[in-house]
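According to this note's numbering, the residues represented by the sequence shown are 75 to 204, in order. Yeah, the Cβ is synthetic: ideal placement off N, Cα and C, and Gly gets one too.
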Amino acid sequence: MPTHGRVEIPERAALARASGSNWDYIDSYEIALPPGAPTDPREWTRKIFFGRPFPDRESGEREHVTADAMPVLDFVVSVLIDDDAVTVTSLVEYRNDWGRRYFAVVRPFHRRLVPWMLARAAREFARGGR
């Protein structure tokens, strides 16, 4: 299975793109859609987040967006399913200096954890796990 990679926010991620414009941090990671894996973005969201995704914000046929607000920052996560790839996009807006400081600590872990979570979900779906 091809490994994950960091990519630009796909143009097709319409729900993520429409969720705001004041983001302080944005990243996207992509992995090949395993043969036989589901194409429902809600299933991928649940698998990526170990069955406990953040609150739903919006959902479409190919994209599912979850979001949450913390006292120090707001974040949105989009899971987009294309014909041959799954893309996870994270958008973060700092509410104050504490949010900037908090995410400065979290960012290095985020950059490792999100691709790992995406790859783990792809491996499970490739093995027939639902």
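| Residue(s) in a DSSP beta bridge with Thr-39 | Limits of the chain in this structure are 75 at one end and 204 at the other, which puts residue 39 out of reach.
| query | What residue does the beta strand (DSSP E) around Thr-140 start on, and which one ends it? | reply | Residue mapping note: residue 140 aligns to position 66 of the sequence shown, counting from 1. From DSSP, the beta strand (DSSP E) with Thr-140 extends over 137 to 143.
| query | Which residues share a DSSP beta bridge with Tyr-168? | reply | Translated into the one-based positions of the sequence shown, residue 168 becomes position 94. DSSP links Tyr-168 through a beta bridge to Leu-147.
| said: Going by beta-carbon coordinates alone, are Ala-141 and Ser-93 separated by less than 9 Å? | reply: For the purposes of this step, residue 141 is identified with residue 67 of the sequence shown, where counting begins at 1. For the purposes of this step, residue 93 is identified with residue 19 of the sequence shown, where counting begins at 1. For Ala-141 and Ser-93, yes; Cβs fall inside 9 Å.
| task | Kindly indicate which three-state DSSP category Glu-117 falls into: helix, strand or coil? | result | Position 43 of the sequence shown, counted from the first residue, corresponds to residue 117. It is helical.
| query | Okay, do the stretch 164 to 175 and the stretch 190 to 199 touch, 3+ Cβ pairs below 8 Å being the bar? | reply | Between the stretch 164 to 175 and the stretch 190 to 199 there are fewer than three C-beta pairs closer than 8 Å, too few to call the two in contact.
| Sequence-distant residues of the same chain with beta carbon closer than 7 Å to Asp-38, five excluded per side | This structure cannot speak to residue 38, because the chain is shown only from 75 to 204.
| said: Three Cβ pairs or more, each shorter than 8 Å: is that satisfied between the stretch 81 to 100 and the stretch 151 to 165? | reply: Three or more Cβ pairs closer than 8 Å define a contact, and the stretch 81 to 100 meets that threshold against the stretch 151 to 165.
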